[in-house]
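Engineer:
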Amino acid sequence: IDKKYTSITISDGFGSQYQKIIQTMIYCTHHNLNFVYRPIKNMEHNYDNDIKYIDNIEKLMNIKNNIENDTNNKAEEIDYGTVVMKWFEENIDVACSSEDLSLIKSYFWQNKERNIFKNDKINVAVHVRRPNQCDNRIQGANTPDSYYLNIIKIIREKYKDKNLLFHIYSQGKLEDFKVYENIDVTLHINEDICKTFIGMVAADILVTSISSFSYIAALLNNNEVYYTRFWHPPLKTWNII
Numbered sequence: 382i383d384k385k386y387t388s389i390t391i392s393d394g395f396g397s398q399y400q401k402i403i404q405t406m407i408y409c410t411h412h413n414l415n416f417v418y419r420p421i422k423n424m425e426h427n428y429d430n431d432i433k434y435i436d437n438i439e440k441l442m443n444i445k446n447n448i449e450n451d452t453n454n455k456a457e458e459i460d461y462g463t464v465v466m467k468w469f470e471e472n473i474d475v476a477c478s479s480e481d482l483s484l485i486k487s488y489f490w491q492n493k494e495r496n497i498f499k500n501d502k503i504n505v506a507v508h509v510r511r512p513n514q515c516d517n518r519i520q521g522a523n524t525p526d527s528y529y530l531n532i533i534k535i536i537r538e539k540y541k542d543k544n545l546l547f548h549i550y551s552q553g554k555l556e557d558f559k560v561y562e563n564i565d566v567t568l569h570i571n572e573d574i575c576k577t578f579i580g581m582v583a584a585d586i587l588v589t590s591i592s593s594f595s596y597i598a599a600l601l602n603n604n605e606v607y608y609t610r611f612w613h614p615p616l617k618t619w620n621i622i
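Quick note: to get our numbering, add 381 to the position in the sequence shown (first position is 1).
1) Out of Asp557, Asp565, Lys559, Tyr488, which one is the CA nearest neighbour of Ile533?
2) Nearest to Arg610 by alpha carbon, out of Ser590, Ala599, Leu600, Leu601?
3) Take the Cβ of Gln552 as the centre, count every other Cβ of all protein chains shown within 10 Å, and call the residue buried at 16 or more, exposed below.
4) Please state the DSSP three-state secondary structure of Tyr488.
5) When DSSP builds the beta bridges, which residues end up paired with Ala522?
6) Say whether chain B places a C-beta atom closer than 8 Å to the C-beta of His508.
7) Identify every residue that forms a DSSP beta bridge with Ser551.
8) So for Ala583, helix, strand or coil by DSSP?
9) How about Ala506 and Tyr550: are their beta carbons less than 8 Å apart?
10) Short of 7 Å in beta carbon distance, which residues of its chain neighbour Glu511, apart from the five on each side in sequence? Order them along the chain.
11) Pick helix, strand or coil for Leu616, following the three-state DSSP scheme.
12) Looking only at its own chain, which residues have a Cβ that is under 7 Å from the Cβ of Ile497, when we skip the five neighbours before and after it?
13) What residues match up with Glu605 in a beta bridge as DSSP calls it?
14) Mind checking whether Glu457 and Lys384 have CB atoms under 8 Å apart?
15) If distances are taken between C-alpha atoms only, which option among Val465, Asn437, Asn430 comes closest to Ile402?
16) Where DSSP assigns a beta bridge to Ile503, which residues make up the other side?
17) Tell me the rounded alpha-carbon separation between Ile622 and Asn453.
18) Consult DSSP for Asn447 and reduce its assignment to one of helix, strand or coil.
19) Expressed to the nearest angstrom, what Euclidean distance is found between the alpha-carbon atoms of Ile536 and Asp460?
20) Can you give me the Cβ contacts of Lys576 inside the same chain, cut-off strictly under 7 Å, excluding the 5 residues immediately before and after it?
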């Protein structure tokens, strides 16, 4: 019987968990290892204690329905930090141009409508990472608004002949986002995590923050990405801010 492997079990937020699942799946394929999916048990950021939260996340990724599950919990976990991440980040362009990532993208879109914005505009998703009750990490959450406003200005200038609509995805108090208000801006503050993530993946242009949440959305996004530098490296096709 072929030995089976899976990703490490953690209780982090969605972005971090999805990142580890995706990268472990691709690592296994490239190393001829039999990957099985271990359904998520715990996840942070369920602010409303929604009993369907994890079920909704499973439907969002849509991996559980497409590949063999580790039902008996006997698959061997492959260490993420020293093995999977190290290999993936050293070979990121090869890993992400693989059929495996295309397959993961196809699973993601299988149960969703792609035309989520339903307009005739170029939709620009901007992830503004801000502090939350589950995560007290300052780095990334303290990126000033001026940083994002400058990128918005650059994109406006680059596409000045186009009909742009900026979507600001973040969390916090609505009054803290008044600085973004404009005729070509829609605020998505404290919206449902699944709706937010789909918007980022579907966007014609995506601006990431120092966050696995928008980093993984960028890996799944087939369009233009503006990447904010942090500890996970960019694809060579991305615009480095």
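Glycine included, every Cβ here is placed at the ideal spot set by N, Cα and C.
Structural biologist: On the basis of the coordinates in this document:
1) Here the question's residue 533 lines up with position 152 in the sequence shown. Comparing Cα-Cα distances from Ile533 to each of Asp557, Asp565, Lys559, Tyr488, the minimum goes to Asp565.
2) Locating residue 610 in the sequence shown gives position 229, where the first residue counts as 1. Closest by alpha carbon: Ser590.
3) Counting from one through the sequence shown, the residue named residue 552 turns up at place 171. When all chains shown are included, Gln552 counts as buried.
4) Locating residue 488 in the sequence shown gives position 107, where the first residue counts as 1. DSSP places Tyr488 in the helix class (H, G or I) of the three-state scheme.
5) The residue given as residue 522 occupies position 141 in the sequence shown. None, per the DSSP bridge assignment.
6) Annotation note: the requested chain B is absent from the structure, which comprises a single protein chain.
7) By one-based count along the sequence shown, residue 551 stands at place 170. For Ser551, which the question treats as bridged, DSSP gives the partners Ile570.
8) Position 202 of the sequence shown, counting from 1, holds the residue named residue 583. In this structure, Ala583 counts as helix in the three-state DSSP scheme.
9) To locate residue 506, count along the sequence shown from 1; it is residue 125. To locate residue 550, count along the sequence shown from 1; it is residue 169. Taking 8 Å as the Cβ cut-off, Ala506 and Tyr550 qualify as a contacting pair.
10) Position 130 of the sequence shown, counting from 1, holds the residue named residue 511. Note on residue identity: the sequence assigns Arg, not Glu, to residue 511. Around Arg511: Ala522, Ser551, Gln552, Gly553.
11) By one-based count along the sequence shown, residue 616 stands at place 235. In the three-state reduction of the DSSP assignment, Leu616 falls in the coil class.
12) Indexing the sequence shown from 1 puts residue 497 at position 116. Closer than 7 Å at the Cβ level, and outside the excluded window around Ile497, lie Ile579, Gly580, Ala583.
13) Counted from its first residue, the sequence shown places residue 605 at position 224. Beta-bridge partners of Glu605 (DSSP): Ile586.
14) Numbered from its first residue, the sequence shown carries residue 457 at position 76. Numbered from its first residue, the sequence shown carries residue 384 at position 3. Yes; because the gap between Cβ atoms is below 8 Å, this pair is in contact.
15) Along the sequence shown, one-based indexing puts residue 402 at 21. Comparing Cα-Cα distances from Ile402 to each of Val465, Asn437, Asn430, the minimum goes to Val465.
16) Counting from 1 along the sequence shown, the entry for residue 503 is found at position 122. DSSP lists Leu545 as partners of Ile503.
17) As a working note, residue 622 is residue 241 in the sequence shown. As a working note, residue 453 is residue 72 in the sequence shown. Answer to the nearest angstrom: the Cα atoms are 45 Å apart.
18) Residue 447 sits at position 66 when you count from the first residue of the sequence shown. Coil, per DSSP.
19) Start at 1 with the first residue of the sequence shown, and residue 536 comes out as number 155. Start at 1 with the first residue of the sequence shown, and residue 460 comes out as number 79. Taking the straight line joining both Cα atoms gives about 39 Å.
20) If you number the sequence shown from 1, residue 576 lands on position 195. For Lys576, where only same-chain residues beyond five positions count, there are no Cβ hits under 7 Å.
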